[in-house]
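Protein chains in written order, with the numbering used here: chain A, 1 to 742; chain B, 1001 to 1217.
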């Protein structure tokens, strides 16, 4: 008998957790059983550190069809249409192996969405790295982008937007989040249930191999020290061609009504895809591992149960329909094997080599997972950080400041990234990457679906509650720029080590901030993901929740606002409240290398009013350009419009600091002079301040303040903005940096 | 049925092509790659995507799909045969068009709106355009870099810039008879103003107009 104590620790399980397993089983676990508990009870699968906080999210609204807990959230779009959405992280695998880590992140999120019955129609990637002057970060950035492109393009789902950001806190721990949206007709909705006793479990897709064993437990739920190379065997390898065939085969199964339930195989592989559907159905299941199609001979039962081989799905089928399911799989040239049968009772019984290797209560793997009420403590450094203020008593050279900001990779054009992603497939992309929000049409309807994904680690570091609440307002405003009204939020919560009380405090505050803002705006949270242990050598990342917000525009505007639509002679307006807020701003960070102060809180009344006004202006076509002033403030927002429109601008403000303030709820607009009166009237009705700051025209960006006047040629601004990322990435090769297969 | 749009495992632009052709008044139906006839179609489109996962080389496996025998017969008989992006690659591998494709010059995938110029109007794709006509059409490929050491290729559209290193800046190539055409950019992605361009219409309308009248509708 091997020493189980050593085994459970090697599998990432604590002694207390092992004790719980003994209590559940009333005996020592067999190796296969221990393997299943270790992956299902991992932080990644069980949310054991976060679950006690996640109940805080508001999740209900009349249009919510499926809330958190299933593979993806589902909302009602009206007229028989549903949307499925989900966001996930692949941070740790992407650090160990950037191309495959990012690629399999795309594959996983797609399966979460088409598991629900929906056809995935678009992806958004939120990626964060350390500064590009460090070669390792160039390698990670290049590899992640190539991996997203390599998988997303080949699987045939467009990547239509996202975020690209850089900060030293991500140098040892990049963040790679991905969101997916799918649509379906209501009758196509499928849930992850095993169905009634007798229903048959059919494993579809790629053969099972030894890749990704323990990915959820060993990799995703632990921190990095120096030996990250040793974890490379835990990273899975993606095959977009297999996934593409799997998508088409599954969609055919759904449209022909051949399945009662479906569960994808992601983290925890077969352990999850058998126990969770059985638990949801309140049933047991008999599983025969000898029937599993494998890529290599001699795999043990624990390996088969833990493998995270990609591109696999489990379908639950009524016995009379199994032959038809196998025929569909044959047509699409994917493997399919009957590997189990749903049984009465609640026991998950697994056989291998003719012997029973596991016999556990199915629900114990998911529902009995440990829950930790981890200690929470406000960081003792917080007060001194809030007091750490820059005086800003003198205006710097604003020409140089603006050009430096435009050359900052977090602010600069991300065209280098989006050019590598197919962002046009399916002919739905009305407003694509690089704009405030994405707008997709739904063909055959007059509906438009808008999405914005937003994160801001600096703000959430300085004040996790205020910072995360502002993300929700910012995402809602970005979506409003396309003419849409918010429908639902998914969130990806990227944090450091939850065993540190300060990290748990940041986590709790962020959950609270997102919850409060969503309640204020009436937006349900329909799903999310938690990624802890984003630390390397004991240093945690900034708390970095990412909010993905879906909105609907109906009817879809025929000419939604765009950054490139300003023309000579249009008026330049600022909508929203005044106010200098430089805490956590790009100006302080990039120009002064400073991070301190306390950022302003969202104003629920003003925030909601600005969002409503913006959606009205966009729908009515009254503002050819609407652009929120976030990273870099007003000066950068104006410059971005000038660069994309090929026109200059003249603006005057009293206090130069207003040019770089990142106070929330503000937009720049370009308005035809004839429409200015209507704009003022509509702003007045909404009680939103509207100030004319200048005009669009000429070929320079002229910034005027009481402290002086500065002028930046549009050509110089364009060069800085467009070349910032390509210049830093010059000399790297296109494909995952030489050593990795495409 | 008028236009058959072939679906290989890994194709992904087939629904977009059908959408565009129907929008322009054409009749189009999907045909699975294992079918060995084209169900009486008068013209055929091989759409974009990653047929057979681009295994070995783009198009290298697809040329052996059962449906390709009939595609070859139609090409020989003078029927309109159009390959878009990956479909262009398949036509080259099948020997229906000259040349082959290698990775883009910068070794990066390129998805961007590009300008192309019509340089030869004597084909089923370019018949509706005038020579020298410039069109804005999305390009979306990794292996978009066409090489033709024989220099037999008849280049019928050229990029005005050079996004991928393609020989002679070739964006579209035809056979001698002009009934088999491959185009690397995607005309089906440029048929509606709301998604950015309508410049692909003139090409696909020309293609539909070339489909034999007797059997239309």
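All residues carry an ideal CB built from backbone N, CA and C; glycine is no exception. All values reported here derive from a predicted model rather than from experimental measurement.
I'd like to know whether the C-beta atoms of residue 582(A) and residue 613(A) end up nearer to each other than 8 Å. No, the pair does not count as a contact, with Cβ atoms beyond the cut-off.
Return the first residue and the last residue of the beta strand (DSSP E) that residue 391(A) is part of. Taken as a continuous stretch (DSSP letters only), residue 391(A) belongs to no beta strand (DSSP E), as it is neither H nor E.
Would you please verify whether the beta carbon of residue 1085(B) is less than 8 Å from any beta carbon of chain A? Cβ-Cβ to chain A under 8 Å: no for residue 1085(B).
Integer-rounded CB distance, given that residue 506(A) should sit under 8 Å from residue 543(A): Sure, about 4 Å apart at Cβ, within 8 Å.
Kindly list, in the order they appear in chain A, the residues whose Cβ is closer than 7 Å to that of residue 1195(B). 427, 429, 430, listed in chain order.
Can we say the segment 446-461 of chain A touches the segment 136-151 of chain A, given the rule of at least three CB pairs closer than 8 Å? Look at the beta carbons and you see the segment 446-461 of chain A not touching the segment 136-151 of chain A: under three pairs across the two are nearer than 8 Å.
Does any C-beta atom of chain A lie closer than 8 Å to the C-beta of residue 1108(B)? Yes - at least one Cβ of chain A is within 8 Å of the one on residue 1108(B).
Since residue 429(A) is in the beta strand (DSSP E), which residue starts that stretch and which ends it? Where residue 429(A) is concerned, the enclosing beta strand (DSSP E) stretches over 429-431.
For residue 531(A), which option in 523(A), 518(A), 494(A) has the closest C-alpha, if you only look at C-alpha atoms? Taking the Cα of residue 531(A) as reference, the smallest distance to any Cα among 523(A), 518(A), 494(A) is reached at 494(A).
Is residue 1112(B) close to chain A, meaning its C-beta is less than 8 Å from at least one C-beta of that chain? Chain A, which has a Cβ nearer than 8 Å to the Cβ of residue 1112(B), makes this yes.
Give me the Cα-Cα distance between residue 744(A) and residue 658(A), rounded to the nearest whole angstrom. With chain A covering only 1 through 742, there is no way to say anything about residue 744(A).
CB contact check: residue 435(A) to chain B, cutoff 8 Å: Not closer than 8 Å to any Cβ of chain B, the Cβ of residue 435(A) fails to qualify, so no.
Cα separation between residue 252(A) and residue 449(A)? Going by the C-alpha atoms only, they are around 24 Å apart.
DSSP state of residue 1187(B) mapped onto helix, strand, coil: Residue 1187(B) carries a helical assignment under DSSP once its states are collapsed to helix, strand and coil.
Would you list the one or two residues that DSSP bridges to residue 165(A)? Looking at the DSSP output, residue 165(A) shares a beta bridge with 128(A).
Could you please give me the residues that DSSP links to residue 181(A) through a beta bridge? Looking at the DSSP output, residue 181(A) shares a beta bridge with 85(A), 122(A).
Could you compute how far the alpha carbon of residue 180(A) sits from the alpha carbon of residue 1179(B)? Their backbone Cα atoms lie some 41 Å apart in a straight line.
DSSP state of residue 367(A) mapped onto helix, strand, coil: Residue 367(A) sits in coil when the DSSP states are folded into three classes, being neither helix nor strand.
Is any beta-carbon of chain A found at less than 8 Å from that of residue 1138(B)? With its beta carbon less than 8 Å from one in chain A, residue 1138(B) belongs to the interface.
Which class does residue 1089(B) belong to by DSSP, given the choice of helix, strand or coil? Of the three classes helix, strand and coil, the one that applies to residue 1089(B) here is helix, per DSSP.
Could you check the C-alpha separation between residue 307(A) and residue 300(A) for me, to the nearest Å? Each residue's Cα considered, the two are about 10 Å apart.
Note down, in chain order, every chain B residue with its Cβ under 7 Å from the Cβ of residue 81(A). The premise fails here: residue 81(A) is roughly 17 Å from chain B at the closest Cβ pair, so nothing lies under 7 Å.
Complete alpha helix (DSSP H) runs within the segment 470-558 of chain A (minimum length 4 residues, chain order): Within the segment 470-558 of chain A, the alpha helix (DSSP H) runs of at least 4 residues that lie entirely inside it are, in chain order, 501-521.
Does the Cβ-Cβ distance between residue 156(A) and residue 1078(B) come in under 8 Å? It is not a contact, given that the beta carbons lie outside the stated cut-off.
Residue 1175(B): which of 1128(B), 1035(B), 1156(B) sits nearest, CA to CA? The residue with the shortest Cα to Cα distance from residue 1175(B) is 1156(B).
Determine the chain B residues that contact residue 149(A) at a beta-carbon separation under 7 Å, and present them in chain order. Within 7 Å Cβ-Cβ: 1109.
What does residue 154(A) reach in chain B if we use C-beta pairs closer than 8 Å? 1010, 1050, 1053, 1054, listed in chain order.
Leaving out the 5 sequence neighbours to the left and right, which residues in its chain are closer than 6 Å to residue 1010(B) when beta-carbon positions are compared? Excluding sequence neighbours, residue 1010(B) sits near 1049, 1050, 1051, 1052, 1053.
Using a cut-off of 8 Å between C-beta atoms, extract the partners of residue 1152(B) located in chain A. Within chain A, no residue comes near residue 1152(B); the closest Cβ sits about 30 Å away, beyond 8 Å.
Using DSSP with H/G/I as helix, E/B as strand and the rest coil, what is residue 91(A)? It is helical.
Cβ contact check for the segment 237-248 of chain A and the segment 171-188 of chain A: 3 or more pairs under 8 Å: Judged by Cβ distances under 8 Å, the segment 237-248 of chain A makes no contact with the segment 171-188 of chain A, as fewer than three pairs qualify.
Just to make sure I have the definition right: I need the residues of chain A whose C-beta is within less than 7 Å of the C-beta of residue 1037(B). Which are they? Those do not exist, as residue 1037(B) stays about 17 Å from chain A at its closest Cβ, beyond 7 Å.
So which residues of chain B does residue 352(A) contact, with C-beta pairs closer than 8 Å? Contact annotation for residue 352(A) against chain B: no contact, minimum CB-CB distance about 31 Å [criterion: below 8 Å].
Determine the direct distance from the alpha carbon of residue 1006(B) to that of residue 1033(B), and round the result to whole angstroms. Answer to the nearest angstrom: the Cα atoms are 6 Å apart.
8 Å Cβ cutoff, residue 60(A) in contact with chain B: Under the Cβ distance rule, residue 60(A) does not count among the residues neighbouring chain B, no pair being separated by less than 8 Å.
In terms of residue numbering, what span does the alpha helix (DSSP H) encompassing residue 23(A) cover? It spans 15-25 - the alpha helix (DSSP H) in which residue 23(A) sits, taken as one unbroken run.
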